[in-house]
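Following this line, the structure appears as structure tokens:
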């Protein structure tokens, strides 16, 4: 909306006589003064800083409020179903965690650190690394 000063048009003419259609003979006479003229024109006050109103934002805000209201209503109506779904979701997550825990438990129980070290030493000896801790006779690293 743009508020600009406007002057009101106050000059208008009333008709002299009007013939009634249904009553062909009778006439309606108007008063003698048929023009009204004001001495000064009327001016509407204008705002110093006219800011256009942005209705688009208001519509967006109303839509957001309405969606929030509808969401609250829906949640209130279906609170039992929503709670049930949430419980099922939590139950499913708990079962997955239990399966994972069982998997890691079995895996950790089957792991033998002695076998792991033996396998590593075997691979190292095959690659050419050998350490004689006890300094036994006949080893390639004995100082004899």
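Residue numbers (my numbering): -10 to 133.
Ideal placement from N, C-alpha and C gives every residue a C-beta, glycine not left out.
| Check | Outcome |
| --- | --- |
| From residue 75 to residue 100, what does the alpha carbon distance come to, in whole angstroms? | 38 Å |
| Taking the C-alpha atoms as reference points, what is the distance between residue 95 and residue 69? | 39 Å |
| Could you compute how far the alpha carbon of residue 90 sits from the alpha carbon of residue 104? | 24 Å |
| Starting from residue 120, trace the alpha helix (DSSP H) both ways and give me its first and last residue. | Careful: residue 120 lies outside any alpha helix (DSSP H) and carries neither H nor E. |
| Taking the alpha helix (DSSP H) that residue 84 belongs to, which residues open and close that run? | 68 to 99 |
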